[in-house]
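*Asks:* Residue numbers for the sequence shown follow numbering that gives the first Met the number 0, so the first one is 0 and each next one is one higher.
From the three backbone atoms N, C-alpha and C, an ideal C-beta is built for every residue, glycine too.
Nothing here was measured: the structure is a model prediction, and the numbers come from that model.
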Amino acid sequence: MTAIQLYDTTLRDGMQGEGMSLSAEEKLRVAHRLDALGIQLIEAGFPSSNPKELELFELLGRESFANAQIAAFGMTRRRDARAEDDAALRVLAESFAPVCTIVGKTWSLHLEKVVKVDRDENLRMIEESVAFLVAQGKRVVYDAEHCFDGWHADRDYALRCLRAAAEAGAETVVPCDTNGAHLPGQISTAISDISAHLADTGVQIGIHCHDDAGVGVANSLAAVEAGATHVQGTMNGYGERCGNANLVSIVPNLQLKMGHECISDEQLASLTSTAHYLDELLNRTPNADQPYVGKNAFAHKGGMHVAGVMADATTFEHMDPAVVGNRRELLISELSGKGTVQARAQEAGIALDDAASRRVIERVKENEHRGYHYEAADGSFELLLRKESGEYEPLFTLESWRVIVEQRADGKVETEATIKIWIDGERYVRTGEGNGPVHALDNALRSVIGDTHPHLADTGLVNFKVRILDETKGTEAVTRVLLDASDGVEVWGSIGVSENVIAASWYALVDSLEYAVQPGREIAPLRSSAKKPAGSAS
0 MTAIQLYDTT LRDGMQGEGM SLSAEEKLRV AHRLDALGIQ LIEAGFPSSN PKELELFELL
60 GRESFANAQI AAFGMTRRRD ARAEDDAALR VLAESFAPVC TIVGKTWSLH LEKVVKVDRD
120 ENLRMIEESV AFLVAQGKRV VYDAEHCFDG WHADRDYALR CLRAAAEAGA ETVVPCDTNG
180 AHLPGQISTA ISDISAHLAD TGVQIGIHCH DDAGVGVANS LAAVEAGATH VQGTMNGYGE
240 RCGNANLVSI VPNLQLKMGH ECISDEQLAS LTSTAHYLDE LLNRTPNADQ PYVGKNAFAH
300 KGGMHVAGVM ADATTFEHMD PAVVGNRREL LISELSGKGT VQARAQEAGI ALDDAASRRV
360 IERVKENEHR GYHYEAADGS FELLLRKESG EYEPLFTLES WRVIVEQRAD GKVETEATIK
420 IWIDGERYVR TGEGNGPVHA LDNALRSVIG DTHPHLADTG LVNFKVRILD ETKGTEAVTR
480 VLLDASDGVE VWGSIGVSEN VIAASWYALV DSLEYAVQPG REIAPLRSSA KKPAGSAS
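(1) Strictly by DSSP, which residues pair up with alanine 70?
(2) Please check the pair isoleucine 3 and valine 223, which I expect to be a contact at CB under 8 Å, by giving their CB distance rounded to whole angstroms.
(3) In the DSSP output, which residue or residues are listed as bridge partners for histidine 209?
(4) Could you tell me whether the region 1–18 touches the region 222–236, using the rule of 3 or more Cβ pairs below 8 Å?
(5) Cβ of serine 128 within 8 Å of Cβ of leucine 161?
(6) Any contact between the region 243–252 and the region 182–190? By contact I mean 3 or more CB pairs, one from each, below 8 Å.
(7) Report the rounded CA-to-CA distance for phenylalanine 131 versus alanine 96, giving the unit in angstroms.
(8) Pull up the CB-CB distance for serine 485 and glycine 459, whole angstroms please, since I reckon it's below 8 Å.
(9) For the alpha helix (DSSP H) containing phenylalanine 380, list its first residue and its last residue.
(10) Return yes when the Cβ of tyrosine 156 is within less than 8 Å of the Cβ of serine 107, no when it is not.
(11) Can you give me the C-alpha to C-alpha distance between histidine 368 and valine 496, rounded to a whole angstrom?
(12) Go to proline 183, then tell me how far its alpha helix (DSSP H) extends in each direction, as first and last residue.
(13) Rounded to whole angstroms, what's the CA-CA distance from glutamate 521 to lysine 464? Just pull it up for me.
(14) Under 8 Å, with one C-beta from each stretch per pair, do the region 18–31 and the region 210–228 reach the 3-pair mark?
(15) Using a C-beta cutoff of 8 Å, does methionine 19 count as contacting chain B?
(16) When the Cα atoms are used, what is the spatial distance from lysine 531 to aspartate 457?
(17) Give me the residue from Ser379, Tyr427 and Glu405 with the minimum Cα distance to leucine 397.
(18) Assuming glycine 148 and glycine 179 are in contact, meaning their beta carbons sit under 8 Å apart, how far apart are those beta carbons, in whole angstroms?
(19) How would you label glycine 201, buried or exposed, when you count the other beta carbons within 10 angstroms and need 16 or more for buried?
(20) Could I get the ranges of all uninterrupted beta strand (DSSP E) runs contained in the region 418–457, with 3 residues as the minimum, in chain order?
(21) Taking the C-alpha atoms as reference points, what is the distance between glutamate 17 and glutamine 68?
(22) Sorted by chain position, which residues of the same chain lie with C-beta nearer than 6 Å to arginine 401's C-beta, five sequence neighbours on each side aside?
(23) Tell me whether the region 378–386 and the region 505–519 touch, counting them as touching only if at least three CB pairs, one residue from each stretch, are closer than 8 Å.
(24) So, with DSSP's three-state summary, where would you put glutamine 4?
(25) With leucine 220 as the anchor, note down where its alpha helix (DSSP H) starts and where it stops.
(26) With DSSP collapsed to three states, give me the class of valine 349.
(27) Between the region 34–46 and the region 57–77, can you find at least three pairs of beta-carbon atoms closer than 8 Å?
(28) By Cβ distance below 8 Å, which residues in the same chain neighbour methionine 257 in space, the five residues on each side in sequence not counted?
(29) Expressed to the nearest angstrom, what Euclidean distance is found between the alpha-carbon atoms of glutamate 260 and histidine 109?
(30) On the three-state DSSP scale, how would you describe leucine 270?
(31) Among Arg240, Phe64, Leu59 and Cys99, which has the Cα closest to the Cα of threonine 75?
(32) What is the residue span of the beta strand (DSSP E) that valine 29 lies within?
(33) Between which two residues does the alpha helix (DSSP H) containing leucine 481 stretch?
(34) Decide if tryptophan 491 is buried, meaning its Cβ has at least 16 other Cβ atoms within 10 Å, or exposed.
(35) Within this structure, are the beta carbons of arginine 240 and histidine 196 separated by less than 8 Å?
(36) In terms of DSSP beta bridges, what is isoleucine 403 paired with?
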């Protein structure tokens with residue numbers, strides 16, 4: 000099958016999404032991760048737009064990449080100006096980037112309402128801008144903005160715009176669904192027509208889609224079926240409004256479903272970790288429901304599904320999750336059967352007989368009736384398995400804990416927690432301070448168990464969620480607390496439920512630490528990219 004050229008615009012188009020911001024150094028790290036993934040072209044942005052972009056291009060100019068080339072982004076020349084006199088085009092020409100991507104108008108509505116130039120001048124702007132950069136030794140990608148709108152409004156003129164770029168020397172012309180308004184059938188029809196019309200030029204046809212109609216990925220795949228061999232998108236679908244077409248879905252679909260060559264098998268196996276790395280760098284929670292790489296992408300809950308997967312994974316999975324670096328998840332709930340429980344025990348290396356499995360199921364049903372929810376609390380569930388199998392080792396025996404929160408006249412709030420626990424027959428009383436009750440309890444507890452379990456210093460809270468289960472009772476309602484903890488390699492969830500939010504937090508906190516010290520677990524050193532304990536938990 001045809002090799003597809005992947006073009007990532009996360010660092011430019013992706014950063015136009017709400018709340019998206021990376022420093023120049025962080026963008027450099029992203030570029031190297033994209034290069035390792037096997038992306039062929041990385042659009043770094045406008046080298047002339049602002050000081051941060053200038054810094055980024057200075058950094059990129061000193062780097063080397065194994066797979067990717069850097070593309071600098073810009074626009075066609077200004078109206079009524081020569082290309083060689085256009086300051087922005089000269090910056091592109093003088094940039095180290097071997098590839099220059101320029102965007103131009105295709106839709107007559109934009110000529111009339113936005114740039115206010117006539118059709119012939121627009122064609123000259125496209126042709127002369129491309130020709131200038133080609134003469135400067137650049138490979139040129141021409142992004143035809145609003146191309147599908149233009150093609151539907153005036154097919155002949157849209158094709159003239161694309162041909163102007165192709166005949167001026169553009170390596171690739173990219174029809175863009177800038178408003179994300181079109182559907183796969185419309186995209187396919189237009190790309191087929193464009194490919195046929197430009198066949199004599201030898202230019203490569205690309206596709207650039209947005210997801211405003213929820214079909215950005217489908218539109219990109221339809222374009223490839225119709226003849227496009229260059230696909231633009233962003234990691235995790237980042238971008239303005241509803242985002243850009245999501246390369247994280249596009250790549251495995253092209254390679255595994257359609258048979259096109261994109262990246263190596265080893266690179267594809269890093270897709271999940273790369274997608275999550277970008278989310279973490281942007282301080283975003285990875286979408287658990289994202290196709291291919293989400294935590295729920297290969298999650299099974301119903302007993303029949305689990306039994307089928309354990310017998311033959313192809314019964315309920317469309318592919319092996321390991322191919323994209325993901326893993327199967329067996330979710331535990333009151334709907335789970337014995338097979339699900341035993342499969343989870345086997346994963347954890349716990350010997351669980353039929354009687355113990357039945358006890359676990361009953362405990363899960365009882366606890367979920369009280370408000371527990373084990374799907375997101377794998378650490379707490381493993382502790383439940385260990386308790387029923389006899390392989391549980393408590394971290395300590397509790398005598399009592401107490402939390403004092405004091406607000407002073409100056410408005411400052413201080414929190415102090417005291418715990419009394421027993422370990423190996425010895426009584427410990429410790430006090431800890433923190434900027435919230437959970438933080439103070441955590442500090443007090445760690446001051447005791449840190450000596451006997453020093454590796455717990457490398458574990459910390461990475462997420463803290465509180466949910467009221469019965470809003471009608473107001474402050475008297477039962478509260479569910481979910482914690483996510485990490486040792487820098489593995490992330491696990493724990494849960495606590497109580498009418499008292501601090502008690503619920505204590506139960507979840509203890510579970511998160513007890514899970515970390517259970518036999519058979521290898522605690523890895525904290526990676527520099529992992530989050531340290533969140534001292535703001537309250």
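*Replies:* According to the structure data:
(1) The residue labelled residue 70 in the question sits at position 71 within the sequence shown. The partner list for alanine 70 (beta bridge, DSSP) reads Glu42 and Val98.
(2) If you number the sequence shown from 1, residue 3 lands on position 4. If you number the sequence shown from 1, residue 223 lands on position 224. Confirmed, about 6 Å.
(3) Along the sequence shown, one-based indexing puts residue 209 at 210. Bridge partners of histidine 209: Asn243.
(4) The region 1–18, when compared against the region 222–236, does touch it at the 8 Å Cβ threshold.
(5) Against the sequence shown, residue 128 aligns to sequence position 129. Against the sequence shown, residue 161 aligns to sequence position 162. Judged by beta-carbon spacing, leucine 161 lies beyond the 8 Å limit of serine 128, meaning their Cβ atoms are not closer than that value.
(6) Because the criterion of three Cβ pairs below 8 Å is not met, the region 243–252 and the region 182–190 do not touch.
(7) The sequence position of residue 131 within the sequence shown is 132, counting from 1. The sequence position of residue 96 within the sequence shown is 97, counting from 1. If you take the alpha carbons of phenylalanine 131 and alanine 96, they lie about 15 Å apart.
(8) Here residue 485 refers to the residue found at position 486 of the sequence shown. Here residue 459 refers to the residue found at position 460 of the sequence shown. With a beta-carbon spacing of about 7 Å, serine 485 and glycine 459 fall inside the 8 Å limit used to define contacts.
(9) By one-based count along the sequence shown, residue 380 stands at place 381. For phenylalanine 380, the enclosing alpha helix (DSSP H) stretches over residues 377–388.
(10) The residue you call residue 107 lines up with position 108 of the sequence shown. The residue you call residue 156 lines up with position 157 of the sequence shown. Closer than 8 Å, so yes.
(11) Walking along the sequence shown from the start, residue 368 turns up at place 369. Walking along the sequence shown from the start, residue 496 turns up at place 497. Roughly 11 Å between the two C-alpha positions.
(12) Taking the first residue of the sequence shown as position 1, residue 183 is located at position 184. Start and end: 183–196.
(13) Residue numbering aside, residue 521 sits at position 522 when the sequence shown is read from its first letter. Residue numbering aside, residue 464 sits at position 465 when the sequence shown is read from its first letter. Its pLDDT being 47, under 50, glutamate 521 is placed unreliably by the model, and the measurement read from it follows with that caveat. Computed Cα separation, rounded: 27 Å.
(14) Too few Cβ pairs lie closer than 8 Å, so no.
(15) Included in the structure is just one protein chain, with no chain B present.
(16) Position 532 of the sequence shown, counted from the start, is the residue given in the question as residue 531. Position 458 of the sequence shown, counted from the start, is the residue given in the question as residue 457. Unreliable placement is indicated for lysine 531, whose pLDDT of 35 sits below 50; no coordinate value is reported for it.
(17) Position 398 of the sequence shown, counted from the first residue, corresponds to residue 397. Its Cα nearest to that of leucine 397, the residue Tyr427 stands out among Ser379, Tyr427 and Glu405.
(18) Stepping through the sequence shown from its first residue, residue 148 is reached at position 149. Stepping through the sequence shown from its first residue, residue 179 is reached at position 180. The sequence as given places aspartate at residue 148; glycine does not occur at that position. Between the beta-carbon of aspartate 148 and that of glycine 179 there is about 11 Å, and that puts the pair past the 8 Å contact cut.
(19) Walking along the sequence shown from the start, residue 201 turns up at place 202. The residue in question, glycine 201, is exposed, as its Cβ has fewer than 16 Cβ neighbours within 10 Å.
(20) The DSSP assignment places complete beta strand (DSSP E) segments of no fewer than 3 residues inside the region 418–457 at 425–433, in order along the chain.
(21) Locating residue 17 in the sequence shown gives position 18, counting from the first residue. Locating residue 68 in the sequence shown gives position 69, counting from the first residue. Cα to Cα, glutamate 17 sits roughly 27 Å from glutamine 68.
(22) For this step, residue 401 is matched to residue 402 along the sequence shown. Here the set comprises Thr417.
(23) Contact holds: three or more Cβ-Cβ distances are below 8 Å.
(24) Taking the first residue of the sequence shown as 1, we reach residue 4 at position 5. In the structure shown, the three-state DSSP call for glutamine 4 is strand.
(25) In the sequence shown, the residue the question calls residue 220 occupies position 221. It spans 215–224 - the alpha helix (DSSP H) in which leucine 220 sits, taken as one unbroken run.
(26) Residue 349 sits at position 350 when you count from the first residue of the sequence shown. In the sequence as presented, valine is not what sits at residue 349; that position holds isoleucine. Three-state DSSP puts isoleucine 349 in coil, outside helix and strand.
(27) Contact check between the region 57–77 and the region 34–46: three or more CB pairs, one atom from each, fall below 8 Å, which counts as touching.
(28) On the sequence shown, residue 257 is found 258 positions in, with the first residue counted as 1. Residues Met0, Leu220, Val223 and Glu224 of the same chain have their beta carbon placed closer than 8 Å to that of methionine 257, with the five preceding and five following residues left out of the count.
(29) Locating residue 260 in the sequence shown gives position 261, counting from the first residue. Locating residue 109 in the sequence shown gives position 110, counting from the first residue. If I take the Cα positions, the gap works out to 37 Å.
(30) Here residue 270 refers to the residue found at position 271 when the sequence shown is read from its first residue. Secondary structure at leucine 270: helix, using DSSP grouped into helix, strand and coil.
(31) Here the question's residue 75 lines up with position 76 in the sequence shown. Considering only Arg240, Phe64, Leu59 and Cys99, the residue with the shortest C-alpha distance to threonine 75 is Cys99.
(32) Working through the sequence shown from its first residue, we reach residue 29 at position 30. Premise fails: valine 29 lies in the alpha helix (DSSP H), 23–36, not in any beta strand (DSSP E).
(33) Residue numbering aside, residue 481 sits at position 482 when the sequence shown is read from its first letter. Judged by DSSP secondary structure, leucine 481 falls outside any alpha helix (DSSP H) and instead within the beta strand (DSSP E) spanning 478–485.
(34) By 1-based counting over the sequence shown, the position of residue 491 is 492. A buried status is given to tryptophan 491, since no fewer than 16 other beta-carbon atoms sit within 10 Å of its beta-carbon.
(35) As a working note, residue 240 is residue 241 in the sequence shown. As a working note, residue 196 is residue 197 in the sequence shown. Contact: no.
(36) Walking along the sequence shown from the start, residue 403 turns up at place 404. Answer is Glu415.
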